[in-house]
Structures are given as structure tokens and as C-alpha cells.
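Residue numbers (the working numbering): 85 to 590.
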């Protein structure tokens, strides 16, 4: 490790800039001596700061502050030293890693988000980060890239409706030993970030500007990446017998859409990702009440997540064949809207008595799942939806609920979620008898039993013989930024599904 004394000394550094007005990252084998802030990492085994490239008086100052502050370098703990003796840096920020054996990629991404928030708030322009405390060169590169990933995820902003937007940019120089590996890892993570940002922006957008038609237009932008986009309009939906999807969209002027995004990175049977896309959920005639209705623009977060995942895979040129099928509708009230007690027939051939028009998500998913199976013959099908309040009561917003009879898929997805801080908790499928109807094959809500489970049992009727998993996400909007999550749409599911596709699904 050495300090660079001129810009030419970091010529080997490879800069990877993200979107406009986002944080910028340069990986290099040196740090800049005059950046506003120097970030140093310590673990719990570090009794003193031992960075030989710093001047003796600077190290002495740091160690006195560590001693007097009783800083133990626990994970996520920080200690700020302003105007350190002998240094051209305005501040040195000490960041605790905790016990290194317990450190992982997910923790580094979370750490990146929180450290970035601190530096962004302090309006730091140029920041150098020294990762030499992570001795293993492979881990050094991976964790540096994950730190940058978390920082950029936290930096993302949806501010187009604000008069004064935060245009401040933090420029990072990350000192790593294995430069090529750090850049390679970060490039893949940036592809995933772009998928997350798409999902976040679609979810954060107001409902009047993000109708099913608007969503379809956004999906068509992926054609530039080689993704095949298909959009079915109401007449086509009705002709195919997708009566459930058509019925939910009937109350809005534009009606429903089925949006399909297919990235074919290999010739294997595709993985189908099916997303619930209710662009606004008034509840229909079973009208929602209370303040929560203002958040119902996010009821299309499942569709946003699967579209974002396809974008991520396309950008990464991943060796996978994945198709996202998204049932899109605005669940509105009008003279044409479906009424409680109506019966609709799905493309599966099953009739459904609509007891509650606010249980519309499973209706659009039922026909989207049929379409995915019938047209693409997938090897695996995963549906993603903000489906039930029952899921929140069961596991809260820190976890998504996962339902499946396939133990292997549940295990794979759960592990993938842990690796990216998008955690899953398995809940049972059951209470099928609660869906019995007097006049139809099924009711769209259960007469008894836990709501998240009866919703999953409803969907299972449309999985056929395909290996299938249902993910009830529900945590689509953040009211307050935290860790690597920005305020607004979370993009939940993109990182989880991307990780799973890249490491498991073929």
C-alpha cells in the first residue's frame, strides 16, 4: 500500500461510473493523499491503527482517539477524527468490521450503504477507502466491490417531483490488491443495480403516471438490450380466455395488459418469473379505507421486480434463459368494474367467485401463471407479489414469505436472499377447503385460515406440474432510508432473484 502523489500514480485504477448524479467509484492500488476523507477499516482484533503509509504523528493521533474513545471496532461502528495531525485529509473515518470471520458480502453491502449515507450527509466530495485490513486478496476485492454496491444502492434517489434535488456526488477511490477481480465483481453488481433502480423507479412513480400502458412502455425500453417484449391488450387477453386478468382491469379506462419480457441467454428451458402488476389498488368495490391507500401505487412492485431482474440478466449477459410475465391492471371503481359476487373464468378453465374485489392480485397472477406455463413451458416458475397484509402480520417487513412444496427451491432462494439482505421466511400452504365456493370452482379469498396461506393455496391451482414458488413480498416502499435501501421503492426481489439465477438456475 502507498499513497499516490499524483494523478498519474493511479493510472491503473479503473473507473466504473454509474448513472448520472450517482456516486462514482474508482478501483486503484493506491489512495489519494488529499481527498476530503480517508476511510480506514478496523476489526475487533485490531488494538491499534497500524497504517504505515500515514505519517507518525497521524497514527499517534488516531491511536489516542481510539484509546480515549474506547473504540472496539464492532461491526458498523464508526469513529470520526476531524483535522488529523500531519494529514492533508480533512477527516479520517474509522469503520468497524467486527470479527472478520463473521463478515460476509451482505454485511459489506449494508456497511457501504450506511457509510455512504454518513459521507453524503457531510457533503464529502472525494473519499479514499483503504481495504488493506482485509488481508486475503480475493476477499479484499469481493468485499470492496460489495461495499461500493451498497453505497450506490443507498445513493439512488427518486426526486423528480422535488423543486430542490440533491445533486451532490461522492467520488470514491477504493484501494484494493486484486484490481482486476474487484472491477469484474463490481461490473456484475452494477448490472444488478440497474435492475434494482428500474424496479425502484417504477414502484416510486405516482399511479397516474404509471398505468399499465406506461409500464408496458417502460418494458419496451429493454428491447435495446436484446430482450424480446410482448404486450397483450384487453381484446387479446379476452380472446385467450384470461377472464380473471381482464375482469380486474375492467374498472379502469385503459383496461388490463399482459407484459412479457424474455431474455434468452441460453437454449435451456426458461425460468418463468411472474409478477403482480396492480398499478393502483383502490380495492375496487371492496374499497380500501385509511391512510394506507396512498401507498397503493406500489402494488405493482412484484411486476417491477421481475422486469428489473430481466434487465439485470440482460446487462450482465448472463448464461440463463428467463422470461418475466406480468399481469398489469389498475383495480378501480366504475360502472364497468367487477362487483363482489361476480364469477369469472380463468384461462386455466377454473371459475372463480369474487367475494372480495380487494383480493385482486391473485386473479391477475392466475392468468399470468397460466400464460407462462402454456406459452413458454418453463422448468421453474416463481411468482412475486405484494399480495397480502396477512404476510406482514406473520413475518413483518424484514422478511418476505415464501411458499412452495419444493424444498430444494425454497432452500436455494432462502440462501440467495441471505446473501443480498433480502430475507425469506417459509410459511405453509394449506386450508384449501377455505376456498370452496357454492357456485364456482374457487373463491378468491378464504373463509377461514391465515390469509397469506390461503392466497398461496389459491395460486397453487395455477402452477400445474411446474416446479413453483410463491413469494409474498409486501415490503415495497421505504418511508425512511436504511442500510443499502434508499427512501421510496425498495426494488425488493431483484437482487434475490438475480443471485439465485446466477448461482442456481440453469
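Beta carbons: idealized from backbone N, C-alpha and C, even for Gly.
- Membership of residue 310 in any beta strand (DSSP E) is not indicated, and neither H nor E is assigned to it by DSSP.
- The beta carbon of residue 155 sits closer than 6 Å to the beta carbons of 163 from its chain, once the five residues preceding and following it are set aside; these are given in chain order.
- With a 10 Å radius around the Cβ and a threshold of 16 neighbouring Cβ atoms, residue 217 comes out buried.
- Comparing alpha carbon positions, the residue from 331, 190, 523 and 259 closest to residue 430 is 331.
- When 297, 146 and 361 are compared, the shortest CA-CA separation from residue 381 is found for 361.
- Under the three-state reduction of DSSP output, residue 499 falls in the helix class.
- Shown here, residue 175 sits in a strand according to DSSP, grouped into three states.
- With a cutoff of 9 Å on beta-carbon distance, residue 281 and residue 392 are scored as near each other.
- Residue 176 is classed as buried because its beta carbon has at least 16 other beta carbons within 10 Å across all chains shown.
- In terms of Cβ geometry, residue 505 and residue 194 form a close pair [threshold 9 Å].
- Between residue 358 and residue 266, the gap from beta carbon to beta carbon reaches 9 Å or more.
- Nearest to residue 378 by alpha-carbon distance, out of 241, 561, 235 and 440, is 561.
- The three-state secondary structure of residue 227, taken from DSSP, is helix.
- Here residue 285 really is in contact with residue 242; their C-beta atoms are around 6 Å apart, less than 8 Å.
- Contact between the stretch 182-200 and the stretch 224-236 is present, with at least three C-beta pairs closer than 8 Å.
- In this structure, residue 547 keeps its C-beta atom at 9 Å or more from the C-beta atom of residue 472.
- Here the stretch 522-541 makes no contact with the stretch 196-205; the two share fewer than three CB pairs at distances below 8 Å.
- If the five residues before and after residue 183 are omitted, its C-beta is found closer than 7 Å to the C-beta atoms of 127 and 128, all from its own chain and listed in chain order.
- Distance between residue 118 and residue 167, taken at the CA atoms: about 12 Å.
- By the CB criterion at 9 Å, residue 583 and residue 501 fall inside the cutoff.
- In this structure the stretch 418-435 does not touch the stretch 306-315; the number of beta carbon pairs closer than 8 Å is below three.
- Going by beta carbons, residue 211 and residue 269 fall outside the 9 Å limit.
- Cβ contact annotation for residue 488 (same chain, cutoff 6 Å, sequence separation greater than five): 494 and 553, in chain order.
- Of the candidates 288, 263 and 273, the residue whose Cα lies closest to the Cα of residue 245 is 288.
- Beta-bridge partners assigned by DSSP to residue 437: 427 and 527.
- Around the beta-carbon of residue 222, fewer than 16 other beta-carbon atoms lie within 10 Å, marking it exposed.
- Within the model, the alpha-carbon separation for residue 356 versus residue 344 is close to 10 Å.
- In this structure, the straight-line span from the alpha carbon of residue 338 to that of residue 173 is close to 57 Å.
- DSSP places residue 409 in the uninterrupted beta strand (DSSP E) bounded by 405-415.
- Residue pairing of residue 446 in beta bridges, as defined by DSSP: absent, with no partner found.
- Collapsing the DSSP output to three states places residue 369 in coil.
- Between residue 273 and residue 340, the CB-CB gap reaches or exceeds 9 Å.
- Judged by beta-carbon spacing, residue 503 lies within the 9 Å limit of residue 189, meaning their Cβ atoms are closer than that value.
- Annotation for residue 551: the continuous beta strand (DSSP E) segment containing it runs 551-556.
- Annotated three-state conformation of residue 474 is helix, per DSSP.
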